[in-house]
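Residue numbers (the working numbering), protein chains in the order written: chain A, 9 to 325; chain B, 47 to 314; chain C, 5 to 357.
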Amino acid sequence: MRHPAAMIAAIGLATLGPASTAHAQESLGSGITMYFQMGGNPGDGSTLPRTNGARAAAASFGVKLVEQYSGWQPEVMLKHFREAVAASPACIEIMGHPGNEAFAPLVADAVKSGIVVTSGNSPLSKLQNMYGANGFGYAGVDLYDGGKLTAQKMIEYGLRAQAERGKSDQGLYDTLKAAGLQVDYIEISPEVDHDSSLAVPILTAYLQKHPDVKAIGTQHGNVTAFIGKALEQAGKKPGAVTAGGIDLAPATIEGLKRGYVSVVLDQQLYLQGFLPVAQCVLSKKYGFAGLSTNTGAGVVTPKTIGGLVPLIDKGIR
Amino acid sequence: MTEAAPKEPAARSFRHVVRLEKVDMTFGKVQALSNVDFKVGRNEIVGLLGDNGAGKSTLIKIVSGVLRPTSGNVWVRDLAVNLEHYSVRKAHDLRIETVHQGQTLDEKQPLWRNLFVGRQITGRLGFIDVKKEKEIADHLLRRAIGFRGHGITAESTVRDLSGGERQGIAIARAMYFEADLIVLDEPTTALAVSEVRKVLAFVEGVKAGGRACIYIEHNLAHAHEVADRLVILDRGRVVGQFEKGEINLADLTARMIALHEGRTNAGA
Amino acid sequence: MRGPESARSRFLRTEGLPIIGVLLALVIVFMIAAPDVFLGYRIYMSFLATVPPLLVLAAALTLLVAAGEIDLSFPSVIALSGWVLAYFTHVLGSPWMGLVLALTAGAVVGWLNGIIVARIGVPSIIATLATQFLWGGLTTVFSQGLSYSMGEVDQYFLWHLLVGRIGAFPVQALWSLALAAVLWLVLNRHRFGEHLLFIGDNARVAEVVGVNVGREKIRAFVLMGVMAAFASVLLTFENRSFFNTQGGGYLLGVMAAVFIGGTSVFGGRASLVGTVAGSFIIGMVEAGLVATGLQGFWVRAVVGVVFLAAVIGHILIEEPERRSAFVRALRGRFDLVRKSSPGGGSTERRGAR
């Protein structure tokens with residue numbers, strides 16, 4: 009019988025090495041291993057820049073980076089955290105989707121064994137307060153403000169189900185309501201969360217049912233990518249409906265260029281990859297406390313997109 | 047022989063081991079059997095003949111509890127059968143065993159399972175006494191028809207057996223459970239000549255042992271040789287019955303051909 | 005009759021030997037490639053905490069596949085039963101009630117599946133896909149899209165009973181292995197298991213030998229539902245959270261575990277030992293690959309290759325007609341190649357047969 013074992017052994021041994029390794033001279037992070045939860049699936053629009061940022065930082069510092077992809081599923085994130093702790097790395101980076109309560113006992117154990125835990129993309133405020141001194145930082149958008157920021161023109165989509173993550177939609181929603189707009193809230197199904205092209209028919213149906221819709225808004229990166237398509241399919245002219253979203257997936261850029269998408273919160277995902285690695289090295293080596301960095305500094309519009317395109321193509325912006 | 051499942055007492059006297067009266071069987075629009083009266087005497091071999099699609103298999107599936115007739119009555123050992131509760135298991139309890147054509151053993155399963163499935167030797171809670179089943183299976187193998195001993199054991203899978211060996215096992219199973227009525231559906235198909243002789247001898251042995259047999263055969267010569275009575279089915283109806291000696295093989299053959307042609311001409 | 009079997013050939017016939025071999029080989033490869041992780045005990049404790057739900061699901065599914073059916077609705081049972089458990093534990097404060105009702109919910113889902121498949125006649129792959137959507141959607145409705153944090157749940161004895169720790173050892177591993185053992189006994193030594201095997205092998209034969217096909221199928225679906233609910237309890241308690249979307253990620257992993265383990269996709273033959281080994285392989289492989297430094301992008305591709313290789317390997321071993329057909333096809337190819345090469349390959353004869 010042909011042994012799958014032989015195949016696995018071959019692949020396993022042959023691919024040792026593509027991971028980042030220490031440089032010849034002593035780099036700041038040499039000897040440090042970091043487990044990094046990237047969030048979505050390898051290569052997808054809201055994950056790739058983070059991956060690239062983390063890899064770049066790891067290469068510069070000489071850190072060994074271990075990437076984990078959870079498809080945005082909270083229970084998988086927890087599982088990955090356990091596996092990471094069992095590997096006793098120097099640092100672990102997590103995201104807030106599972107919530108403070110779920111992570112609390114696990115993080116407590118990790119910190120007790122001397123692992124630096126830090127976070128990104130969506131915050132874990134409670135844990136950040138507890139373990140800031142141990143290097144627990146945050147590199148991501150200040151969600152409420154981010155949503156508020158995006159909400160200058162729109163109606164939203166959201167992920168209310170996930171703990172703090174839902175705050176961004178809340179920010180969006182509240183701001184629009186406060187501006188006197190009537191706001192309809194549509195929850196994203198797990199299918200759309202996973203495969204956002206499925207949002208197109210849903211949006212198209214909504215647009216046809218409510219022809220006088222003025223704006224569509226979301227804080228889900230992959231769904232943003234498909235708003236332009238939905239508007240096109242519903243027969244809207246560019247700019248007739250104000251669309252706002254987040255992140256710069258290739259389709260979103262198209263949408264910006266063609267004017268279907270009006271404003272996109274740029275959460276500068278690359279920094280969400282780069283900064284936690286730096287945090288890890290500095291906290292591990294010198295005991296610095298966790299830093300909170302708001303990576304969502306501004307929005308990208310059709311006017312400003314041009315200059316960013318070359319960087320976007322490289323998966324940096 | 048070791049004990050088998052609990053059964054109806056065999057000692058009571060009765061005239062017919064099974065009797066069907068005015069039985070109809072419809073499948074959707076297809077009328078498989080129409081107004082069939084059929085009986086088998088206590089110690090009688092009945093040969094059931096007919097073309098493909100005449101309804102023979104349907105008839106015996108009713109006798110063996112697989113199918114419930116659309117209408118009509120069934121008696122076993124002269125006692126009316128409650129058709130609502132009649133099933134294969136009940137038929138087994140009533141000492142009716144059937145060797146169905148082709149599909150009566152599961153290919154991937156070992157012999158010892160095939161022998162006892164549906165009436166396993168179990169302890170409390172339904173757990174099977176595997177050791178005992180294997181023992182009995184081994185014992186049976188030595189007596190079964192068609193085995194030349196090439197290393198077939200109770201553990202062997204049915205798939206490893208030839209057509210004749212499978213037939214032999216199916217018949218051995220029916221024998222083991224000591225039926226009063228054995229139904230054989232085309233038992234000689236796929237058998238070598240010597241094995242066919244053994245099957246016919248077995249059928250005669252059933253009669254010698256005081257039991258009954260329903261015997262479906264395409265080979266008219268075999269049927270004619272062993273049957274006490276021949277019943278001919280055509281398109282779901284009984285179209286002829288002959289006691290032993292009432293018809294010779296040549297006439298029987300002619301009759302069957304005529305029936306077949308009648309069907310073909312009628313565009314059946 | 006064969007002579008007495010040597011100890012060696014009896015060992016070789018041990019159930020699940022090939023896949024256990026693969027599991028051990030995998031562990032050894034990981035130990036060599038990532039010694040800092042795989043030579044310590046912690047990673048194994050981590051697996052023993054996360055593999056049990058997968059194992060319970062795969063074990064129950066094995067029985068159903070043996071009967072020739074499939075169930076795609078269990079991810080929604082994980083969500084539904086998880087919600088029931090979380091609601092009763094976290095909101096109402098009665099975890100035992102939550103456990104009983106969660107298992108009941110699983111039984112109801114299973115029973116409905118069974119009815120649709122066995123009494124109405126819808127093929128199970130379609131029926132259970134539909135019920136997956138139904139129950140998943142209902143769970144979202146019941147829970148209003150919310151997730152629950154159950155940080156306080158470790159105060160309950162039930163929690164410790166099901167997912168507590170003995171030292172570093174996760175108790176759920178014991179529960180899941182015990183369940184797998186019971187299911188092995190049921191499949192291989194119980195009337196019910198034998199009926200499932202016969203139904204999966206050839207349902208028409210099963211019918212004529214006296215197996216009540218419809219009733220046994222329904223029972224198998226109910227069993228699957230209850231086991232899926234139990235897996236959900238283990239998962240939800242271990243995570244101390246109910247996530248609205250929980251369960252979705254398990255569908256492919258559980259199927260992979262069952263089929264890598266050697267259970268026949270055609271029904272009639274199943275190996276619970278194989279499923280247990282397959283579950284550990286699936287549960288470990290991702291963590292192992294990333295620990296060895298394989299870039300994250302490669303992981304799914306490698307898992308796919310392992311899955312395919314294992315399933316093809318099993319078919320070629322267990323279905324001899326396919327194996328000989330495959331070998332014949334290969335030989336045919338090689339003969340063509342030889343014949344077309346210059347120098348007259350066509351006069352070659354095949355070796356003595």
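Glycine included, every Cβ here is placed at the ideal spot set by N, Cα and C.
Chain B contact residues for residue i, given Cβ-Cβ distances below 7 Å
{"i": "C/H194", "result": "G172, F173, I174"}
Contact list for residue i against chain C, beta-carbon separation under 9 Å
{"i": "B/S133", "result": "G214, N216"}
{"i": "B/R159", "result": "E198, L201, F202"}
Residue i CB to nearest heavy atom of the ligand SAH below 7 Å
{"i": "A/A65", "result": "As for the ligand SAH, it is missing from this structure, which has no ligand bound."}
Chain-ordered chain B contacts of residue i [CB-CB under 9 Å]
{"i": "C/E211", "result": "V112, V134"}
{"i": "C/R273", "result": "K154, Q155"}
Beta-carbon spacing of residue i, residue j below 8 Å
{"i": "B/I106", "j": "B/V249", "result": "no"}
{"i": "A/A223", "j": "A/V200", "result": "no"}
{"i": "B/L227", "j": "B/I278", "result": "no"}
{"i": "B/R170", "j": "B/W121", "result": "no"}
{"i": "C/L227", "j": "C/G86", "result": "no"}
{"i": "C/S408", "j": "C/N248", "result": "What is shown of chain C runs 5 to 357, which leaves residue 408 of chain C out entirely."}
{"i": "C/G214", "j": "B/V63", "result": "no"}
{"i": "C/L320", "j": "C/A63", "result": "no"}
{"i": "B/V145", "j": "B/I217", "result": "yes"}
{"i": "A/Q227", "j": "A/I254", "result": "yes"}
{"i": "A/E6", "j": "C/G149", "result": "This structure does not reach residue 6 of chain A, given that chain A is present from 9 up to 325, and the question cannot be answered."}
{"i": "A/E91", "j": "A/P284", "result": "no"}
Span separating the alpha-carbon of residue i from that of residue j
{"i": "C/V146", "j": "C/A83", "result": "Checking the sequence, you will find Phe at residue 146 of chain C rather than Val. In a straight line, the C-alpha of C/F146 is about 11 Å away from that of C/A83."}
{"i": "C/S98", "j": "C/F92", "result": "6 Å"}
{"i": "C/P39", "j": "C/I24", "result": "21 Å"}
{"i": "C/V88", "j": "B/M221", "result": "54 Å"}
{"i": "C/M259", "j": "A/H88", "result": "21 Å"}
{"i": "A/S78", "j": "C/A291", "result": "12 Å"}
{"i": "B/H138", "j": "C/L27", "result": "46 Å"}
{"i": "C/G257", "j": "A/V149", "result": "33 Å"}
{"i": "A/H218", "j": "A/Q276", "result": "33 Å"}
{"i": "A/Q81", "j": "C/P79", "result": "13 Å"}
{"i": "C/L43", "j": "C/T267", "result": "31 Å"}
{"i": "C/L30", "j": "C/L298", "result": "14 Å"}
{"i": "A/S133", "j": "C/G72", "result": "50 Å"}
{"i": "A/K245", "j": "A/I123", "result": "53 Å"}
Contacts around residue i, its chain only, beta-carbon distance under 7 Å, and the 5 residues preceding and following it disregarded
{"i": "B/F60", "result": "R88, R123, D124"}
{"i": "A/Q241", "result": "V208, T212"}
{"i": "C/L178", "result": "none"}
{"i": "A/E75", "result": "F44, M46, T59"}
{"i": "C/G287", "result": "F51, T54, V55, L58"}
{"i": "B/K154", "result": "T203, R205"}
Boundaries (first-last residue) of the beta strand (DSSP E) holding residue i
{"i": "B/K85", "result": "76-87"}
{"i": "C/R208", "result": "Premise fails: C/R208 lies in the alpha helix (DSSP H), 207-212, not in any beta strand (DSSP E)."}
{"i": "B/D70", "result": "62-73"}
{"i": "A/Q287", "result": "No beta strand (DSSP E) contains A/Q287, which is instead part of the alpha helix (DSSP H) from 277-294."}
{"i": "A/N302", "result": "300-302"}
Residues of its chain near residue i, where Cβ-Cβ distance is below 6 Å and the 5 sequence neighbours each way are ignored
{"i": "B/V245", "result": "P233, T234"}
{"i": "B/R283", "result": "S80"}
{"i": "B/P115", "result": "V69, M71, I108"}
Proximal residues of chain A, C-beta to C-beta of residue i below 8 Å
{"i": "C/I286", "result": "Correct list: empty, because the minimum Cβ distance to chain A is about 12 Å."}
{"i": "C/I47", "result": "E91, A94, A95"}
{"i": "C/R244", "result": "E109, A110, P113"}
Cβ shell of residue i (< 8 Å), same chain only, five flanking positions each side left out
{"i": "C/F202", "result": "V209, A210, V213, V215, G272"}
{"i": "C/V112", "result": "G229"}
Closer than 7 Å at the beta carbon, the chain E residues around residue i
{"i": "B/G164", "result": "Within the model displayed, chain E is absent; protein chains A, B and C are what it includes."}
Interface residues of chain B facing residue i [CB-CB closer than 8 Å]
{"i": "C/R208", "result": "Q149"}
Span of the alpha helix (DSSP H), counted from its first residue to its last, around residue i
{"i": "B/F248", "result": "239-254"}
{"i": "B/R170", "result": "B/R170 -> no alpha helix (DSSP H), and no H or E assigned at all."}
{"i": "A/F111", "result": "108-120"}
Partners in chain C for residue i, counting only beta-carbon separations shorter than 7 Å
{"i": "B/R168", "result": "Checking the sequence, you will find Thr at residue 168 of chain B rather than Arg. Residues of chain C passing the Cβ test: R195."}
Contact set between residue i and chain A, taken where Cβ atoms lie within less than 7 Å
{"i": "C/G155", "result": "E109, A112"}
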